[in-house]
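Asker: One structure follows; several queries about it will come next.
Numbering (the working numbering), first residue to last: 857 to 1004.
The following block contains the structure:
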């Protein structure tokens, strides 16, 4: 019997560079939401009207637990363009976005990957203990997805 099971696991890492020079790192697994799975199926199978590629990371202040039925952050604070990376022959890919000083400032508690600069389709969502990003701090958000 051939095992044709495929899984997609996601994880987020936030790297906050404080104005003082200190660095804070937060790492947490995330969930792929239902509309994210629909996006994957449509991106693979549709011959027309394919969805736009994932290319944005959003940060928010919502604290509602992540659930598969969600399609947006609870309280979006900021969204920036993300860089996609994948090495041929591997089963992992990532999206990385920078939030420089003065951008995305606040008590951040949620994040996700999207396919539009506003609105759009959310691939995943993660909720984590508060990360306070001051006006002089910079933040890098990295979402890594591993297929198995």
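The beta carbon of each residue, even a glycine, is placed where N, CA and C say it ideally should be.
For a quick check, are the C-beta atoms of residue 951 and residue 965 less than 8 Å apart?
Answerer: No. Outside cutoff.
Asker: To the nearest angstrom, how far is the alpha carbon of residue 959 from that of residue 989?
Answerer: Roughly 9 Å separates the two Cα atoms.
Asker: Judging by CA-CA distance, which residue of 971, 922, 865 and 947 is the nearest neighbour of residue 898?
Answerer: Ranking the options by Cα distance to residue 898, first place goes to 971.
Asker: Quick one: is residue 893 buried, meaning 16 or more other Cβ sit within 10 Å of its Cβ, or exposed?
Answerer: Exposed, since its Cβ has fewer than 16 Cβ neighbours within 10 Å.
Asker: Between residue 968 and the rest of its own chain, which residues show a CB-CB distance below 6 Å, the 5 nearest in sequence each way excluded?
Answerer: Within the same chain, residue 968 has close Cβ partners 914, 929, 978, 980 and 981.
Asker: With a CB to CB cut of under 7 Å and the five nearest residues on each side skipped, what residues in its chain are close to residue 921?
Answerer: Contacts found: 983.
Asker: Could you compute how far the alpha carbon of residue 1002 sits from the alpha carbon of residue 991?
Answerer: Near 33 Å, if we compare the C-alpha coordinates of residue 991 and residue 1002.
Asker: Considering only DSSP beta bridges, list what residue 915 is partnered with.
Answerer: According to DSSP, residue 915 bridges with 934 and 967.
Asker: Kindly give me the distance between the Cβ atoms of residue 924 and residue 887, rounded to whole angstroms, as I take these residues to be in contact under 8 Å.
Answerer: Correct: roughly 6 Å between the Cβ atoms.
Asker: Locate the alpha helix (DSSP H) running through residue 897, then write down its first and last residues.
Answerer: Taken as a continuous stretch (DSSP letters only), the alpha helix (DSSP H) holding residue 897 covers 890-901.
Asker: When burial is assigned at 16 or more other CB atoms within 10 Å of the CB, is residue 889 buried or exposed?
Answerer: It is buried - the Cβ of residue 889 has at least 16 other Cβ atoms within 10 Å.
Asker: Since residue 858 is in the beta strand (DSSP E), which residue starts that stretch and which ends it?
Answerer: Counting along the chain, residue 858 falls outside any beta strand (DSSP E), and DSSP gives it neither H nor E.
Asker: Alpha carbon to alpha carbon, how far is residue 905 from residue 878? Give it in angstroms, no decimals.
Answerer: Near 46 Å, if we compare the C-alpha coordinates of residue 905 and residue 878.
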